[in-house]
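Student:
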Amino acid sequence: MKKRKQRYFVMHLPHDEPARQQGFVFEIQILDSRGRSEIEGYIGYEEATLEIAGHEVPGAVLAAARRQPEGKGDYVDEEGRTIVPF
5 MKKRKQRYFV MHLPHDEPAR QQGFVFEIQI LDSRGRSEIE GYIGYEEATL EIAGHEVPGA
65 VLAAARRQPE GKGDYVDEEG RTIVPF
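Following the working numbering, the numbering of the sequence shown begins with 5 at its first residue and continues without gaps.
#1: Cα separation between residue 78 and residue 22?
#2: Please specify which runs of the alpha helix (DSSP H), each continuous and at least 4 residues long, are wholly inside the segment 39-78, giving them in chain order.
#3: Among residues of its own chain, excluding the 5 on either side of residue 43, which ones have a beta-carbon nearer than 7 Å to its beta-carbon?
#4: Start and end of the beta strand (DSSP E) containing residue 19?
#5: In terms of alpha-carbon separation, which member of 64, 75 and 50 lies closest to residue 85?
#6: What are the partner residues of residue 33, as DSSP defines its beta bridges?
#7: Check this for me: beta carbons of residue 69 and residue 16, under 8 Å apart or not?
Next up, the structure:
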């Protein structure tokens with residue numbers, strides 16, 4: 005059986021997002037097979053890695069988050085490539 009690739013939703017948080025007050029700029033959601041968020045994590049500009057509930061988020065996914073305009077997001081695969089929304 006072929007293992008399903010992990011999918012993510014990445015977002016550059018809007019300026020007025022409360023998480024920005026804590027130094028977070030980007031949100032990464034790990035999605036289930038139906039495209040629903042299972043869990044999310046947050047990073048700032050300086051972080052190079054992110055682990056969410058024992059899952060190491062690939063660097064390409066973090067780079068995809070950083071490419072988003074403020075307030076916008078995208079669905080991406082493990083390689084940080086845009087995928088069709090669910």
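Positions of the beta carbon are idealized from the N, C-alpha and C atoms, including for glycine.
All values reported here derive from a predicted model rather than from experimental measurement.
Tutor: So, to answer that:
#1: 20 Å
#2: 63-71
#3: Excluding its 5 nearest sequence neighbours in each direction, residue 43 has C-beta neighbours in its own chain below 7 Å: 34, 56 and 57, listed in chain order.
#4: Taken as a continuous stretch (DSSP letters only), residue 19 belongs to no beta strand (DSSP E), as it is neither H nor E.
#5: 64
#6: 13 and 44
#7: yes
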